[in-house]
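Using our numbering, you'd call the opening residue of the sequence shown number 2 and step up by one each time.
Remarks on the structure that follows.
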Amino acid sequence: MPMQRIEPGPFLFPMPTVLVGADIDGKPNFMTAAFVGIVNYKPSMVACGLNPSHRTCEGIESNRAFSLCVPSADMVEVVDWCGLTSGKKVDKSEVFKVFRGEVAGAPMIEDFPLCAECRLMQATPYGVDTLYVAEIVSVHARADCLDNGRPNWLKISPLLFTFPEPSYWKLGDYVAKAWHAGREYEPKKPISG
Ligand SMILES: Cc1cc2nc3c(=O)[nH]c(=O)nc-3n(C[C@H](O)[C@H](O)[C@H](O)COP(=O)(O)O)c2cc1C
């Protein structure tokens with residue numbers, strides 16, 4: 002099959018959609034973000050590509066902390082709204098019932114399946130966005146989304162995001178156990194032509 006070069010740019014989707022939370026002037030603010038991912042196992046670290054002009058980023062930079070709150074797919078409306086409105090114009094501090102952990106300035110949302118409090122390690126500007134790299138200090142999960150203390154992703158039902166046509170999706174079917182599925186695989190020569 003011939004390969005075709007397509008427009009270069011962000012191409013690796015789906016990504017989970019999350020809300021990034023930070024306190025500003027003592028009040029919580031939340032923004033939607035999709036350019037977020039795990040980047041290290043131990044210590045557990047995340048990296049978020051965020052435009053530093055966002056109100057949330059003022060809080061991230063002044064507290065050197067933020068939260069990541071993972072919604073379910075059925076929370077799509079409020080999640081999208083948090084990405085359509087800015088804390089510069091709309092007070093988002095009362096939209097969610099907030100709880101707090103050990104990291105000051107990292108408000109988390111009650112009733113969201115998973116929330117993590119993160120401590121900022123590095124903020125590096127690249128073009129229009131800034132890459133915020135942070136350590137995950139602790140993770141909080143809604144009890145009904147756990148099986149034997151571990152997150153069950155079918156129960157969480159994360160809200161996935163794809164580009165370039167900005168779209169939300171749900172998790173699809175289970176395929177196979179990782180670090181297992183390839184055990185019997187035998188490499189074949191690629192078919193040329
Ligand atoms: C689905 C979705 C994903 C988004 N992902 C990001 C992102 O990864 N980085 C970013 O800087 N902004 C992202 N945004 C835009 C911000 O959420 C938006 O500008 C928001 O209004 C900022 O809020 P704030 O000013 O209160 O912080 C996204 C918006 C939506 C709807």
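Glycine included, each C-beta is placed from N, C-alpha and C at the ideal position.
- According to the DSSP secondary-structure assignment, PHE162 is paired through a beta bridge with MET16 and TYR169.
- The Cβ atoms of VAL47 and LEU160 do not sit closer than 8 Å to each other.
- In this structure, the beta-carbon distance from PHE14 to PHE113 does not fall below 8 Å.
- For ASN149, there is no enclosing beta strand (DSSP E), since its DSSP letter is neither H nor E.
- Burial state of ARG151 is exposed, judged by a 10 Å Cβ sphere holding fewer than 16 other Cβ atoms.
- Non-local beta-carbon contacts of TRP170 in its own chain, meaning distances under 7 Å to residues more than five positions away in sequence, involve PRO15, LEU161 and THR163 in chain order.
- Rounded to whole angstroms, ALA182 and SER168 show a C-alpha spacing of 30 Å.
- Taking 7 Å as the cut-off, the C-beta of SER87 counts as close to a heavy atom of ligand 1.
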